[in-house]
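**Q** In my numbering, the protein residues as written are -12 to 56. Where is the CB? At the ideal position from N, CA and C, for every residue including glycine. What you are looking at is a predicted structure, and each value in this text was computed from that prediction instead of being measured.
#1: Could you check where the alpha helix (DSSP H) with residue 43 kicks off and where it finishes?
#2: In three-state DSSP terms, what is residue -7?
#3: How many angstroms separate the CA atom of residue 29 from the CA atom of residue 37?
#4: Is the CB-CB distance between residue 15 and residue 40 below 8 Å?
Right, dumping it as structure tokens:
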């Protein structure tokens, strides 16, 4: 089983596994974006969620700028 998992990790099947990985990534993006709007009010995107979203965006951007400067 480890061999098969390693082959998927190395993208040995190429075409099919790439499509599956892309579909999975899109579904994770969909879940993340819809999760922003599930809660309403003080705990939602206009309250605490705005700060968490801002922090979640600033950290990767700062890392990217730090690594590519």
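**A** Judging by the given coordinates:
#1: Here residue 43 refers to the residue found at position 56 when the chain shown is read from its first residue. Here the alpha helix (DSSP H) through residue 43 covers 35 to 54.
#2: On the chain shown, residue -7 is found 6 positions in, with the first residue counted as 1. Three-state result, residue -7: helix.
#3: Within the chain shown, the letter at position 42 stands for residue 29. Within the chain shown, the letter at position 50 stands for residue 37. Each residue's alpha carbon lies about 10 Å from the other.
#4: Here the question's residue 15 lines up with position 28 in the chain shown. Here the question's residue 40 lines up with position 53 in the chain shown. No, the pair does not count as a contact, with Cβ atoms beyond the cut-off.
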